[in-house]
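What follows is a set of notes on a single structure, which appears directly below.
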RNA sequence: GCGCUCGUAGCUCAGCUGGAUAGAGCAACGGACUUCUAAUCCGUAGGUCCCGUGUUCGAAUCACGGCGAGCGUGCCA
């Protein structure tokens, strides 16, 4: 397994540091950072170690850099390093090292140079989590797509990943749904397409409740009956949940998203009362204004915030209670070392409180809140339809695929219908996902069809097109890539592409450090760009000998990495477009 | 009031642990197709990184204080 270039340079740099005049006074545990050069003119990699150290030992950074360069052994790895600017040390890889790396990558069609983590964790990822009896709207896009991508990446990195769809299948909305089911339901519509009918019923009752306080009480009574175990209501509830799950599954199928578990809120019903009891016994929770609450007097931030309420004065439980019971289950039954919550940023306080309460209960699993910003319309307000409704996720997907189809009809009308359908699905769904994942998750996202489905720039169609072009070469050639006996990098575009391919190994392991799939998106875009440049500058099939073998190898590797990296984002590639 | 997040080109956004002249795309303008898919590439233009102070050899990045926007703030999730 090949090691990334920074990991190869770093130990040699450390050895060089030891050999300098300050070798004996290096700070404990100091490890010099080796980063890709920002600008090609500076070489391939750089370190600022001389400047960092010069500060601590009060030496001139450039003089120290000179010592380091003198002591640095680049044998079989880099050219002699150069000093630049205030004391940067720039490294340039030897061409034959890069050539060897291309060969190594050709042999590594599973991992593409990326090492798995040394300490695999059992990670539960909590994402999507829609409410039952309400279709998913655009607000669920981010959680679903980001969560799925993180799951794919974590699995590839060697973690034991468990995905859990914590659906909202138990809550106050069921009061209205029960009443609606009994009084407003259109049986024929339900049989034809259950989910929209459930939504219609819910909306109708919700609207009626707004100006009818009496009805509101009726609904509440239905809810209480349900919670008390009323048989009729339980049966209706169960039916609603089943129908909704079927509807949700259709969307997940379109998105190619899978869950290992669907443990919704109702799954934890029986655990809530004992949990509260135990928290009270341990002195973690106490009675306050008629409710049971957890206070955080010793916590710097939470001390000034309201407490977390885990049982209402009427005896009912809240989502903080359920979330704590869920942590118990995930730790005790799934053996989770780590739980990631991909949930909107407004819930920051809630998770701060739940995590702190879990810590007080004795849990030491790493609990990570992975927040994201809102989806806005062009007017910078919550994205809604013209009539003011929330936009349904399925409508977005349908629209995106149909727009992609239209473009294919224009560009490539001679393709068979079946292929057109497959391509427009891949591009349409891919465009929605990529628009989401290419942006830093905390940035409020402005939903715009034209940006999302644009053919140029940092978009899914551009990236998929780069992949298609790698395949076009082999299709034209009439056979798949066989093997390359001799790799010989000469053109600048070849070297730049080879280096970028090698840097996949540096990019992927970093994504999870701050849960930023967008750093992978940036990499894919740069790779596609480097490939397109190579494509313009370096004819493949017309070249000969080692040059042809090398270029075919670069096409093959680019295709593999593009496909794999897009796969980590949950985006499919196609062979033609 | 308190807390969280954000503020970078006309527009949409990158820029993670401080590093060299702040980068892309879109839109604008100018070029390149008897060619392996032009769904591409090359070039031009575009900036008080919200403001101020501080730490540092070095700040879009860190600290503090402002300004502006969004969200959350005891019994919805």
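Residue numbers (the working numbering): 5 to 581.
Ideal Cβ placement from N, Cα and C applies to all residues, glycine included.
No experiment lies behind these values; they were computed from the predicted model shown.
Problem - Where residue 365 falls: helix, strand or coil (DSSP) - result: coil
Exercise for the section: Please go through the segment 201-288 and give each complete alpha helix (DSSP H) segment of 4 or more residues, from N-terminal end onward. Expected result: Runs found: 217-231, 235-259 and 273-285.
Exercise for the section: Measure from the alpha carbon of residue 600 to the alpha carbon of each residue in 448, 364, 443 and 416, then state which is nearest. Expected result: In the structure as shown, the chain starts at 5 and stops at 581, and residue 600 therefore has no counterpart that could be examined.
Problem - Cβ pair residue 316, residue 472 closer than 8 Å - result: Remark: C-beta atoms of residue 316 and residue 472 do not approach each other more closely than 8 Å.
Handout entry: CA-to-CA distance, residue 63 to residue 29, given in whole angstroms
Key = The alpha-carbon atoms of residue 29 and residue 63 are separated by roughly 12 Å.
Handout entry: residue 60 classed as buried or exposed, judged by whether at least 16 other C-beta atoms fall within 10 angstroms
Key = The Cβ neighbour count for residue 60, taken over all protein chains shown within 10 Å, is under 16; the residue is labelled exposed.
Practice task
Find out if the Cβ-Cβ distance for the pair residue 330, residue 276 is shorter than 8 Å.
Solution key: Result no, Cβ atoms of residue 330 and residue 276 do not sit closer than 8 Å.
Practice task
Determine the direct distance from the alpha carbon of residue 23 to that of residue 34, and round the result to whole angstroms.
Solution key: Approximately 15 Å between the Cα atoms of the pair.
Handout entry: Outcome for residue 518 when other beta-carbon atoms lying within 10 angstroms are tallied against a minimum of 16
Key = exposed
Exercise for the section: Determine, using beta carbons only, whether residue 446 and residue 355 come nearer to each other than 8 Å. Expected result: no
Handout entry: residue 405, enclosing alpha helix (DSSP H) - first and last residue
Key = 397-415
Exercise for the section: Decide if residue 418 is buried, meaning its Cβ has at least 16 other Cβ atoms within 10 Å, or exposed. Expected result: With fewer than 16 Cβ atoms within 10 Å of its Cβ, residue 418 is classed as exposed.
Exercise for the section: State yes or no: is the C-beta of residue 110 within less than 8 Å of the C-beta of residue 98? Expected result: Residue 98 is positioned such that its CB atom lies no closer than 8 Å to that of residue 110.
Problem - Other residues of its chain near residue 389: CB distance less than 7 Å, five sequence neighbours each side excluded - result: 395
Exercise for the section: Please indicate yes or no: does the CB of residue 499 lie closer than 7 Å to some heavy atom of the ligand COA? Expected result: As presented, the structure is devoid of all ligands, the ligand COA included, so that no description of it is given.
Exercise for the section: Classify residue 512 as helix, strand or coil using the three-state DSSP reduction. Expected result: Helix, per DSSP.
Handout entry: Contacts around residue 432, its chain only, beta-carbon distance under 6 Å, and the 5 residues preceding and following it disregarded
Key = In the same chain as residue 432, and ignoring 5 residues on each side of it, the C-beta atoms closer than 6 Å to its own belong to 404, 405 and 408, in chain order.
Handout entry: Beta-carbon proximity list for residue 263, same chain, < 6 Å, skipping 5 on both sides
Key = Excluding positions up to five away in sequence, the list reads 167 and 169.
Practice task
Just list the alpha helix (DSSP H) runs in the segment 129-213, keeping only unbroken ones of 4 residues or longer that don't cross its boundaries, in chain order.
Solution key: 143-160, 177-187 and 191-196
Practice task
Reducing DSSP to helix, strand and coil, say where residue 387 ends up.
Solution key: coil
Practice task
Measure the Cβ-Cβ separation of residue 51 and residue 102 and say whether it is below 8 Å.
Solution key: no
Exercise for the section: In angstroms with no decimal places, state the Cα-to-Cα distance between residue 129 and residue 55. Expected result: 41 Å
Handout entry: Residue from 434, 411, 436 and 435 with nearest C-alpha to residue 424
Key = 411
Exercise for the section: Quick one: residues in its chain with C-beta nearer than 7 Å to the C-beta of residue 349, no 5 flanking neighbours on either side, listed in chain order? Expected result: Contacts found: 375, 376, 377 and 446.
Handout entry: Residue closest to residue 279, alpha-carbon to alpha-carbon, out of 475, 323 and 210
Key = 323
Practice task
Report yes if the CB atom of residue 135 is closer than 8 Å to the CB atom of residue 162, and no otherwise.
Solution key: no
Exercise for the section: Flag this pair as yes or no: are the beta carbons of residue 160 and residue 572 separated by less than 8 Å? Expected result: yes
Problem - Best match in 467, 527 and 515 for proximity to residue 536 [C-alpha to C-alpha] - result: 467
Handout entry: Endpoints, the alpha helix (DSSP H) within which residue 323 is located
Key = 323-336
Exercise for the section: Have a look at 312, 339 and 528 and flag the residue whose alpha-carbon is nearest the alpha-carbon of residue 292. Expected result: 312
Handout entry: Top-ranked residue by Cα proximity to residue 482, from 73, 185 and 556
Key = 556
Practice task
Return the residue from the list 335, 77, 108 and 319 that minimises the CA-CA distance to residue 489.
Solution key: 108
Practice task
Could you say which of 560, 443, 549 and 439 lies nearest to residue 484 if we only look at CA atoms?
Solution key: Its Cα nearest to that of residue 484, the residue 560 stands out among 560, 443, 549 and 439.
Problem - residue 342, enclosing alpha helix (DSSP H) - first and last residue - result: Note, residue 342: premise wrong, no alpha helix (DSSP H); beta strand (DSSP E) at 342-348.
Problem - Cβ contact check for the segment 136-143 and the segment 242-255: 3 or more pairs under 8 Å - result: yes
Exercise for the section: Rank 336, 256, 230 and 259 by C-alpha distance to the C-alpha of residue 270 and give the top, closest one. Expected result: 230
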